[in-house]
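Trainee:
In UniProt numbering, the protein residues as written are 1 to 223.
1. Given a threshold of 16 other Cβ atoms within 10 Å of its Cβ, counted over all protein chains shown, does residue 76 qualify as buried or as exposed?
2. If we count the other Cβ atoms within 10 Å of its Cβ and call it buried at 16 or more, is residue 87 buried or exposed?
3. Can you tell me where the alpha helix (DSSP H) holding residue 25 begins and where it ends?
4. Pull up the distance between the alpha-carbon of residue 85 and that of residue 16, whole angstroms please.
5. If we count the other Cβ atoms within 10 Å of its Cβ and call it buried at 16 or more, is residue 61 buried or exposed?
6. Going by the CB atoms, is the gap between residue 78 and residue 92 shorter than 9 angstroms?
7. Can residue 34 and residue 42 be called in contact, C-beta distance under 9 angstroms?
8. Using three-state DSSP, classify residue 67 as helix, strand or coil.
9. What is the rounded straight-line gap between the Cα of residue 6 and the Cα of residue 71?
10. Start and end of the beta strand (DSSP E) containing residue 31?
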């Protein structure tokens, strides 16, 4: 088992890891910042999906994902299509131009990493990837974490396509409640949740009014 001093050193290294992520972000084109790159990366990895699912995967509020989807739609990189299962919903998918853009972004990240890690062996790169994946899984699956969705203007939980995750303290994972009691992916996030009645349990009924003969017929005194 790792010692306390090892965890302290790991914490120091992780706090300095922002320099790596910032350099990966600097190579992104001006018309496709990190948030937009994250959306393209998820659609490229998982395929078409609804907006609610996209927000869950990004661990961001719906307003954040909607803003970046609109940005990508305007540039013709993704499209909104009718959902065959629900005509009121829309499915997001990459366009051919979006796939080409994602390939360009991936190439930029790969070239930068290949340049910076030129002296690494393939085994070293594989080991780093495996350990980072394992570490991230530990944080993603840890029960009982204090979580909330990322609001508009804050940093993103994940940025696929840049090669580096961007989880900040307090970010959520899909399906966790925010400070208002809503869950990402709810039909109406932010509205009060109502509990469904169990059909096997009778609802409590109000007490019946007293019989007529027990009701008082006295009139109140006038003072």
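The beta carbon of each residue, even a glycine, is placed where N, CA and C say it ideally should be.
Mentor: Here's the rundown:
1. The count along the chain shown starts at 1 and reaches residue 76 at position 76. Exposed is the call here.
2. As a working mapping, residue 87 is identified with position 87 in the chain shown. By the 10 Å Cβ count, residue 87 comes out exposed.
3. On the chain shown, position 25 is the one that residue 25 refers to. Element bounds for residue 25: 18-26.
4. For the purposes of this step, residue 85 is taken as residue 85 along the chain shown, with counting starting at 1. For the purposes of this step, residue 16 is taken as residue 16 along the chain shown, with counting starting at 1. C-alpha separation (whole angstroms): 46 angstroms.
5. For the purposes of this step, residue 61 is taken as residue 61 along the chain shown, with counting starting at 1. Result: buried.
6. Counting from 1 along the chain shown, the entry for residue 92 is found at position 92. Counting from 1 along the chain shown, the entry for residue 78 is found at position 78. Yes; because the gap between Cβ atoms is below 9 angstroms, this pair is in contact.
7. Here residue 34 is taken as the residue at index 34 of the chain shown, counted from 1. Here residue 42 is taken as the residue at index 42 of the chain shown, counted from 1. No, the Cβ-Cβ distance between residue 34 and residue 42 is not below 9 angstroms.
8. Your numbering for residue 67 matches position 67 in the chain shown. Residue state, collapsed to three classes: helix.
9. The residue you call residue 6 lines up with position 6 of the chain shown. The residue you call residue 71 lines up with position 71 of the chain shown. Those two C-alpha atoms are separated by around 43 angstroms.
10. Looking up residue 31 in the chain shown gives position 31. Note, residue 31: premise wrong, no beta strand (DSSP E); not H, not E.
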